[in-house]
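Engineer:
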Amino acid sequence: MAKRRKVANPLALAVLAELTAESMHPYEMGRRLKEHGKDRDIRYTRSSLYMVVEQLRKAGFVAEQETVRDNRRPERTVYALTDDGRGELHDWMRELVAEPQHEYPMFGVALSLLAVLPPTEAADLLEQRHTALTAQVEEIRTTVRTAGEQGVPWIFLIEEEYRRGVLEAELAFVTGLVASLRQPESVRARQEFFDNRT
Numbered sequence: 056m057a058k059r060r061k062v063a064n065p066l067a068l069a070v071l072a073e074l075t076a077e078s079m080h081p082y083e084m085g086r087r088l089k090e091h092g093k094d095r096d097i098r099y100t101r102s103s104l105y106m107v108v109e110q111l112r113k114a115g116f117v118a119e120q121e122t123v124r125d126n127r128r129p130e131r132t133v134y135a136l137t138d139d140g141r142g143e144l145h146d147w148m149r150e151l152v153a154e155p156q157h158e159y160p161m162f163g164v165a166l167s168l169l170a171v172l173p174p175t176e177a178a179d180l181l182e183q184r185h186t187a188l189t190a191q192v193e194e195i196r197t198t199v200r201t202a203g204e205q206g207v208p209w210i211f212l213i214e215e216e217y218r219r220g221v222l223e224a225e226l227a228f229v230t231g232l233v234a235s236l237r238q239p240e241s242v243r244a245r246q247e248f249f250d251n252r253t
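The numbering of the sequence shown is this note's numbering, which starts it at 56 and goes up by one.
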């Protein structure tokens, strides 16, 4: 069972991970998260990043190390990972890697309510999704191939491989669902169901 975290935002986990490399200020954290492609997995804004850093500070997971003054820029507070923060990072990572969590993706919501659409329209829309998913899979393949050619170690590409695997599974599911929706007996059964609901 998932533990209740003092700071449960996934962005907090990414901040803790970035601080294992070195102490830094939030602006630098944001730059590195983007540079490392974490913005594809974790949604955040500049203000949410600063808010999470403050929550981590209050929880004792990060501490102010120094304030840097530069004539051309405003003051910047540099934060360091505390021992408690390092412990939280490792404990949280172990939980996330080992224990499956029930997530609520929007596509699952749409599928649970698919019966409100006429079968032919649902199939048409799913074919549009299929096209978009195919493009995303190809983009990931290109990214991984290019990164590999540039010598990026495979461990830094595993989230892309995971994303590709999930998208490929969804592609296979969508392909089968479209085929089912296009079968006349399936369309007729769904249309009767749809007609009875309206």
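Just so it is clear, CB atoms sit at the ideal spot from N, CA and C, and this is done for glycine as well.
On a predicted model such as this, the values are computed, not experimentally measured, just so you know.
1. Suppose you measure from the CA of Arg128 to the CA of Ile195; what does that come to, to the nearest Å?
2. With DSSP as the reference, label Glu159 as helix, strand or coil.
3. Short check: CB of Val152 to CB of Leu111, under 7 angstroms?
4. Could you give the distance in angstroms between the alpha-carbon of Tyr159 and the alpha-carbon of Asp125?
5. Count the CB pairs spanning the region 103-119 and the region 171-178 that are closer than 8 angstroms, and state whether there are at least three.
6. By the DSSP assignment, the beta strand (DSSP E) with Arg128 in it spans what residues?
7. Give the DSSP-derived three-state secondary structure of Asp96 in the structure shown.
8. With Arg124 as the anchor, note down where its alpha helix (DSSP H) starts and where it stops.
9. Flag this pair as touching only if the region 131-147 and the region 68-78 have three or more C-beta atom pairs under 8 angstroms; answer yes or no.
10. Give me the Cα-Cα distance between Tyr105 and Glu216, rounded to the nearest whole angstrom.
11. Taking a contact to mean a Cβ-Cβ separation below 7 angstroms, would you say His91 touches Val133 in this structure?
12. Met79 bridges to which residues according to DSSP?
13. Report the residue from Leu188, Met148, Leu136 and Leu181 whose alpha carbon sits nearest the alpha carbon of Lys58.
14. Please confirm whether Ile97 and Leu144 have their CB atoms less than 7 angstroms apart.
15. Kindly list the residues whose CB is nearer than 6 angstroms to the CB of Ala135, restricted to its own chain and excluding five residues on each side of it in sequence; keep chain order.
16. Identify the continuous alpha helix (DSSP H) that holds Glu176 and give its terminal residues.
17. Please classify Val107: does DSSP put it in a helix, a strand, or coil?
18. Give the single residue among Gly115, Thr198 and Arg237 whose Cα lies nearest to the Cα of Leu181.
19. Could you tell me which of Thr230, Glu204 and His157 sits nearest to Ala178, measuring between CA atoms?
20. Is the distance from the Cβ of Leu188 to the Cβ of Glu214 below 7 angstroms?
Structural biologist: Looking at the coordinates:
1. 37 angstroms
2. Contrary to the premise, residue 159 reads as Tyr rather than Glu in this sequence. Tyr159 falls in the coil class under three-state DSSP.
3. no
4. 45 angstroms
5. These segments do not touch.
6. Arg128 to Leu136
7. coil
8. Careful: Arg124 lies outside any alpha helix (DSSP H), inside the beta strand (DSSP E) at Val117 to Asp125.
9. Yes, the region 131-147 is in contact with the region 68-78.
10. 30 angstroms
11. no
12. Tyr134
13. Met148
14. no
15. Ser78, Ala118 and Gln120
16. Pro174 to Glu204
17. helix
18. Comparing Cα-Cα distances from Leu181 to each of Gly115, Thr198 and Arg237, the minimum goes to Arg237.
19. Thr230
20. No, Cβ-Cβ distance for Leu188 and Glu214 is not below 7 angstroms.
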